[in-house]
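Just so we're aligned, residue 1 is where the sequence shown starts under full-length UniProt numbering, counting upward by one. For glycine and all other residues, C-beta sits at the position ideal for the given N, C-alpha and C. Note that this is a predicted model, so its numbers are computed, not measured. Worksheet for the structure shown next.
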Amino acid sequence: MPLPTLSPAEAKRLLDQGAILVDIRDADEHARENIPGARLAPLSRLDQADLGHQPGQRVIFHCKSGARTQGNAARLAAKAGSASEAFIVEGGLDAWKKAGLPVAVDRRQPLEMQRQVQIGAGSMVFLGTMLGLFVSPWFFAIPAFVGAGLTVAGATGFCGMARILKKAPWNRAAFARPKHA
1 MPLPTLSPAE
11 AKRLLDQGAI
21 LVDIRDADEH
31 ARENIPGARL
41 APLSRLDQAD
51 LGHQPGQRVI
61 FHCKSGARTQ
71 GNAARLAAKA
81 GSASEAFIVE
91 GGLDAWKKAG
101 LPVAVDRRQP
111 LEMQRQVQIG
121 AGSMVFLGTM
131 LGLFVSPWFF
141 AIPAFVGAGL
151 TVAGATGFCG
161 MARILKKAPW
171 NRAAFARPKH
181 A
């Protein structure tokens, strides 16, 4: 069931009229950058989340780019319930920022886990390739290992690198705090 989309300006107008805004991104993404007043209900825990809305109250969902909300529109509509109108912010947080609407940023929070994995994997592939070219072909095992790990992560949803990175000192506080739902 597709949900109607709203421009960021239209979403802001409805928020000013009493609608609620629900961020479906993960807690680490929300902690680093969020729309003030948005309630966090991560997509991974949506079934257990309490949106805290009243019957008849409009519910507006957003993610970073709009792709997650569009791809999960049926789940989001079901969560909002038949007594409430539900919408999606077209373009998500990225479009909200582009429209010049307020965003709270906390640069003390670690980068989102997805970005940390991308940086780690990219660095290992680059370093392994350079060492393989200039030092010893045995170093080509590093990018092969990373490629295998990314393939497993994509096929199964299990990312060993993300599990390791969650234990890194800069991530301990971010992943130790209770998740909002």
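Which residue comes first and which comes last in the beta strand (DSSP E) that contains residue i?
i	result
V135	Here V135 belongs to no beta strand (DSSP E), and DSSP marks it neither H nor E.
A86	A86 to V89
D23	I20 to D23
Taking the CB atoms as reference points, tell me whether residue i and residue j lie closer together than 9 Å.
i	j	result
P143	M113	no
I60	A41	no
Q116	N72	no
F87	L133	no
S7	A99	yes
R58	I119	no
K12	L101	yes
T129	F139	yes
V22	A9	no
H62	G92	yes
A104	E33	yes
A80	L51	yes
T5	V135	no
Where does the unbroken alpha helix (DSSP H) through residue i begin, and where does it stop?
i	result
I142	A141 to T156
A9	P8 to D16
A162	G160 to K166
P2	It is not in any alpha helix (DSSP H) - P2 carries neither H nor E in the DSSP assignment.
Considering Cα atoms alone, identify which of the options is closest to residue i.
i	options	result
G147	L21, L131, A121 and R172	A121
G149	R163, L111, L15 and W138	R163
Taking residue i and residue j to be in contact with their CB atoms under 8 Å, please state how far apart those CB atoms are, rounded to whole angstroms.
i	j	result
S44	D26	7 Å
P55	S84	6 Å
Checklist entry - Can you list, in chain order, the stretches of the alpha helix (DSSP H) that have 4 or more residues and sit fully within the region 29–115? => result 67–71, 73–80 and 92–98
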